[in-house]
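Input: a single structure, listed below in structure tokens.
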DNA sequence: CGCCGTCTTGAGTGCTGTCAATAGTTGTGG
DNA sequence: CCACAACTATTGACAGCACTCAAGACGGCG
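Protein chains in written order, with my numbering: chain A, 1413 to 1662; chain B, 1413 to 1662.
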């Protein structure tokens, strides 16, 4: 049994220092939707920044009324889906600048949990105001469609990967993708990429057991594709792991 | 090698008899987005009906510029995603009244193929006009968000199922879902539910091989859960197939 | 220093993919 | 109406891979 959220303080810290937050996160948020900041001068007033969320704290829970979209100022977050039988499935990892919570757009309540992995600061864009903004700025609507569809497409590709790729390739692909996303946020040229999630979370996301993940990481390490550390890794090769099995019809 | 699309005539038949089409499909289209018909009187002029598409005909292809959303007047459609290596993955089956083509919303071109399974008539809602409509009617925007997210959620659940459920449960679940969707469209109380797709398509969608699907269908039949026919089946039980393996933490 | 959670490693089993052959179905043409 | 061909579906034998169960190593924290 996990004691996640034991030191929970979520939502209690409404930060007043808006400027830094806006300058940082509004850009991120809007970059995600493909529009320029100056196109939405009135969007600033809809942003609120919350934190700090401690590891294990929930930003929102399944069933919570949908009140906002979220963007990460600092830290990292995972989203979890709970099946009807109570089993958990990690559905995504989010880093600084990432948008999450969009899974509930169009619905009245959230359908998954968002849990901080590292100490995190989160920006909110309230949905009530979002709707008004969308009506005013069609580009925002289009941008949100894009975010939703990109995510759905990742799911689809993810799903395809389960079948058409070996597990080694899936793990390698995940690490490459994660490295790319991390690098875009890292300051220096550090090639050591931290992994904020546990191996268990990572395994859940990849739809394998922690044991298998451990074995495969070792295999990839032995093969010289990566270098594993405690809670980090180095990417030594950019090409996919060999052993392709999907060379059928086109 | 399949000769699909050999008798292709897609897009050549622009139907002028709009009334029947509108009365039928606009309702469906809007029901999907959760808004009432009379709220969008001007939507009528944006609808065009095309057909007939023969089995194997493509309604759109990967890379085609996004020009419309589609709703099915009659017949059935599958969508296929092509991986970078050329392998195919069926990503969805659509019946009368279903909306498809939303995968490209927010993008400039389609990312999958839509292929008719049975002779089909398709209604188009052109995206150029859709944007204007969305700005005018926030409910439409919300409705489309809902459609997108429901789909994404299905993908997520689908993905969860790959890991947390036995293959028997996945197949049974698919049949139950398909039966429900079909029944909503059937006129009588026929319990024989037609399957418009091949077993190969179905297997691809379920991320298994046709051989495994065949074995599992037989198993479900033997167990008295379903009754398989050539291109149809009967659902004998509504409960999930036993053998759950996800009774962990909650 | 000792506890506990995370991670790793090992042995054995079961399920699904692969390969291959057969049976059934559909559509075409004589 | 029948016969043939092409496609689709089924069934069997075998092997590989990931899951399960179980034990041990590592690391953080009190």
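Where is the CB? At the ideal position from N, CA and C, for every residue including glycine.
Here the structure is a predicted model, which is why all the values come from computation and not from measurement.
Original post:
Would residue 1564 of chain B pass as a contact of residue 1563 of chain A if the rule is Cβ separation under 8 Å?
Top reply: yes
Original post:
Is the beta carbon of residue 1502 of chain B sitting closer than 8 Å to the one on residue 1589 of chain B?
Top reply: no
Original post:
What residue does the alpha helix (DSSP H) around residue 1586 of chain A start on, and which one ends it?
Top reply: 1579-1595
Subject >> Which listed residue (A/1638, A/1523, A/1606, A/1624) has its alpha carbon closest to that of residue 1488 of chain A >> reply: A/1606
Original post:
For residue 1644 of chain B, which of B/1633, B/1484, B/1622, B/1608 has the nearest alpha-carbon?
Top reply: B/1608
Original post:
Cβ of residue 1672 of chain B within 8 Å of Cβ of residue 1511 of chain B?
Top reply: With chain B covering only 1413 through 1662, there is no way to say anything about residue 1672 of chain B.
Original post:
Thinking C-beta only, is residue 1463 of chain A closer than 8 Å to residue 1534 of chain A?
Top reply: yes
Original post:
Using 8 Å as the threshold, is the region 1482-1496 of chain A in touch with the region 1531-1551 of chain A, meaning 3 or more CB pairs across them?
Top reply: yes
Original post:
Thinking C-beta only, is residue 1561 of chain B closer than 8 Å to residue 1519 of chain A?
Top reply: yes
Subject >> Rounded straight-line distance, which links the Cα of residue 1461 of chain B to that of residue 1433 of chain B >> reply: Bear in mind that a pLDDT of 43 at residue 1433 of chain B, under 50, signals an unreliable position, so the number given afterwards is only what the model happens to contain. When rounded, the distance between both Cα atoms is 7 Å.
Original post:
Would you say residue 1652 of chain A and residue 1555 of chain A are within 8 Å of each other, going by their C-beta atoms?
Top reply: no
Original post:
Should residue 1640 of chain A be listed as close to the ligand PLP, given that the test is whether its C-beta is under 7 Å from any heavy atom?
Top reply: Ligands displayed in this structure: none; no statement on the ligand PLP is therefore possible.
**OP:** Taking only beta carbons into account, state which residues of the region 1506-1520 of chain A come closer than 9 Å to chain B, listed in chain order.
**Re:** 1514, 1515, 1516, 1517, 1518, 1519
**OP:** Would you please verify whether the beta carbon of residue 1643 of chain A is less than 8 Å from any beta carbon of chain B?
**Re:** no
**OP:** Can you pull the chain A residues whose beta carbon is under 8 Å from the beta carbon of residue 1543 of chain B, in chain order?
**Re:** 1550, 1553, 1554
**OP:** Could you round the C-beta distance between residue 1474 of chain A and residue 1494 of chain A to whole angstroms and report it? I think they count as a contact, below 8 Å.
**Re:** 6 Å
**OP:** In the DSSP assignment, find the unbroken alpha helix (DSSP H) run with residue 1629 of chain A in it and report its ends.
**Re:** 1622-1634
Subject >> 8 Å Cβ shell around residue 1669 of chain B - same chain, five flanking residues per side excluded >> reply: Within the shown structure, residues of chain B are numbered from 1413 to 1662, placing residue 1669 of chain B beyond reach of any answer.
Original post:
With 16 as the cutoff for other CB atoms within 10 Å, does residue 1525 of chain A come out buried or exposed?
Top reply: buried
Subject >> Close beta carbons around residue 1477 of chain B, own chain, < 6 Å, minus the five adjacent residues each side >> reply: 1521
**OP:** Count the other CB atoms, across all protein chains shown, that sit within 10 Å of the CB of residue 1634 of chain A; report buried if there are 16 or more and exposed otherwise.
**Re:** exposed
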